[in-house]
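The structure under discussion appears below in the form of structure tokens.
Numbering (my numbering), first residue to last: 82 to 364.
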């Protein structure tokens, strides 16, 4: 009896043989991975999902103490805690997308060697999972703004808040692009995986997360321009502006940032697609 096959597994032949449509076909698998990641992250923990709230509160409080109170860094007239909570909300999502996708191959080698599914499912799952944390941080930021409003500090986001989904999308795409490039390279050079944590931490300090761009501009116009050429800098700067009205919205540098984002993502997917063929021999 003849059988009709609707799925044929065969080796990829070119750089652009990406088969991105398969991601949608495997959407149920993405949901299963999301559930797995959530359960594994908070299994055998006392506080469980409360860490979604504790982490941004602790980091923002520490930044307020160190950079706001001790170093006395300007926050452009915005309450220090709100400034750092807003900055950390944006940076945490980008860094989570980057770090979680940077271990795609090494972290899932056992699974990849047993069953076939589009390998891009795992980094995409990581980005979506990190979005859950971002949404909770955003709600926490809204609550903090409401508390400050009851104390007399009213901050109302302007009409530019409609650009928030675009900024979130860019953070996800940039983090995904950089992450899968690192993941692809670390299949052969494991040293890079050790440097990821340090590199992300260093990247935060060359991004206006704990200081406004006006602080860099007060030192040197050249320094502020160099800082804004960092593709994450306009994202964080514009994110703060649309939420808190802090600083100025930078359209020019944001446009450059989008160009870098698209290029990095495109290169990342191509390299990921290429390495996918042989990574089991080197991982």
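Even for Gly, the Cβ is constructed at its ideal location relative to N, Cα and C. Note that the coordinates shown come from a computational prediction; the quantities given were computed from them, not determined experimentally.
Span of the alpha helix (DSSP H), counted from its first residue to its last, around residue i
i           : result
residue 249 : 245-267
residue 138 : 132-144
residue 190 : 190-193
residue 103 : 102-106
Closer than 7 Å to chain B by CB, residue i
i           : result
residue 283 : No chain B is part of this structure, which consists of one protein chain only.
Local conformation of residue i per DSSP, three classes
i           : result
residue 204 : helix
residue 292 : coil
residue 235 : coil
residue 181 : helix
residue 349 : helix
residue 198 : coil
residue 109 : helix
residue 158 : coil
residue 174 : helix
residue 270 : coil
residue 436 : Past the edges of the chain, shown from 82 to 364, lies residue 436, and the structure says nothing about it.
residue 153 : coil
Beta-carbon proximity of residue i to residue j, cut-off 7 Å
i           : j           : result
residue 342 : residue 255 : yes
residue 137 : residue 234 : no
residue 170 : residue 218 : yes
residue 261 : residue 353 : yes
residue 183 : residue 304 : no
residue 315 : residue 338 : yes
residue 201 : residue 104 : yes
residue 144 : residue 165 : yes
residue 293 : residue 326 : no
residue 157 : residue 295 : yes
Beta strand (DSSP E) segments (min. 3 residues) lying fully within the stretch 273-337: For the beta strand (DSSP E) assignment, the stretch 273-337 encloses no uninterrupted run of at least 3 residues.
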